[in-house]
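J.: Following this message is one structure expressed as structure tokens.
Residue numbers (the UniProt record's numbering): 1 to 161.
Here is the structure:
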């Protein structure tokens, strides 16, 4: 949910008008809309490039992942890993667009550790994968946009750690 939705729902639950502090948070949210849209556009338009760079860096750092016995060994397993990279990048864009980490939590992090553990995917490896995805993404953004985007990646990394 966006800041606007949260303010409206909370005020309505309490049968009141939004407070001046809440209105200020809405104003700040709207003022950052151009930046958030620019970030999401850059990430979405460069998804393939970001995913390719992130997987390349991950395989260089952790060749054991794609070696026989590794979780990304074989064409099918590698394709699933690459698919997950795209999914997490899309999840980041949802958070950036909303200006909130709640979409990341609700859509992508509930039960993620349990899911990867049940599939036999080492969670520390997923942390390394998201770290590679973060770096490949931030490399395409200005310093200001990267600073705005990094906490969303860090949120996922922290949740998996």
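Quick reminder that beta carbons are idealized off the backbone N, C-alpha and C, glycines included.
Owing to the predicted nature of the structure, the values given are computational and were not obtained by experimental measurement.
1) With 16 other CB atoms within 10 Å as the buried threshold, where does residue 142 fall?
2) Can you give me the C-alpha to C-alpha distance between residue 138 and residue 10, rounded to a whole angstrom?
3) How would you write the range of the alpha helix (DSSP H) that residue 29 sits in, first residue to last?
4) Can the beta-carbon of residue 140 be found less than 8 Å from the beta-carbon of residue 46?
5) Excluding the 5 residues flanking residue 22 on each side, which residues of the same chain have their C-beta closer than 6 Å to its C-beta?
6) Quick one, are the C-beta atoms of residue 169 and residue 116 less than 8 Å apart?
7) If contact is defined by three or more beta carbon pairs under 8 Å, each pair taking one atom from either stretch, is the region 61-74 in contact with the region 102-112?
8) What do you get for residue 36, buried or exposed, if any count of 16 or more other CB atoms within 10 angstroms of its CB means buried?
9) Could you tell me the alpha carbon to alpha carbon distance between residue 64 and residue 99, rounded to whole angstroms?
10) For residue 54, count neighbouring C-beta atoms within 10 Å of its own C-beta (all shown protein chains included) and say buried if the count is 16 or more, exposed if not.
11) Residue 122 by DSSP, collapsed to three states: which one?
12) Residue range of the alpha helix (DSSP H) that residue 17 falls in?
13) What does the alpha-carbon distance come out to for the pair residue 83 and residue 44?
T.: Short version:
1) What you label residue 142 is simply residue 142 of the chain shown in a count that begins at 1. The residue is exposed, with fewer than 16 neighbouring Cβ atoms inside 10 Å.
2) Indexing the chain shown from 1 puts residue 138 at position 138. Indexing the chain shown from 1 puts residue 10 at position 10. Straight-line spacing of the CA atoms in residue 138 and residue 10 works out to 34 Å.
3) As a position in the chain shown, residue 29 is number 29, starting the count at 1. 20-31 is the span of the alpha helix (DSSP H), which, as asked, contains residue 29.
4) Position 140 of the chain shown holds residue 140. Position 46 of the chain shown holds residue 46. Against a cut-off of 8 Å, the Cβ pair of residue 46 and residue 140 comes out as a contact.
5) Here the question's residue 22 lines up with position 22 in the chain shown. Counting only Cβ-Cβ distances below 6 Å, and skipping sequence neighbours, we find 7.
6) Residue 169 lies beyond the residue range present for the chain, which begins at 1 and ends at 161; the question has no answer from this structure.
7) Cβ pair count under 8 Å is below three, so no.
8) Residue mapping note: residue 36 aligns to position 36 of the chain shown, counting from 1. Classified as buried, residue 36 has 16 or more neighbouring CB atoms from the shown chains inside 10 Å of its CB.
9) Looking up residue 64 in the chain shown gives position 64. Looking up residue 99 in the chain shown gives position 99. Taking the straight line joining both Cα atoms gives about 37 Å.
10) In the chain shown, the residue the question calls residue 54 occupies position 54. So residue 54 counts as buried.
11) Locating residue 122 in the chain shown gives position 122, where the first residue counts as 1. DSSP places residue 122 in coil when its eight states are reduced to three.
12) The residue labelled residue 17 in the question sits at position 17 within the chain shown. Segment: none, residue 17 is in no alpha helix (DSSP H) and carries neither H nor E.
13) Translated into positions along the chain shown, residue 83 becomes position 83. Translated into positions along the chain shown, residue 44 becomes position 44. Residue 83 and residue 44: Cα-Cα distance of roughly 14 Å.
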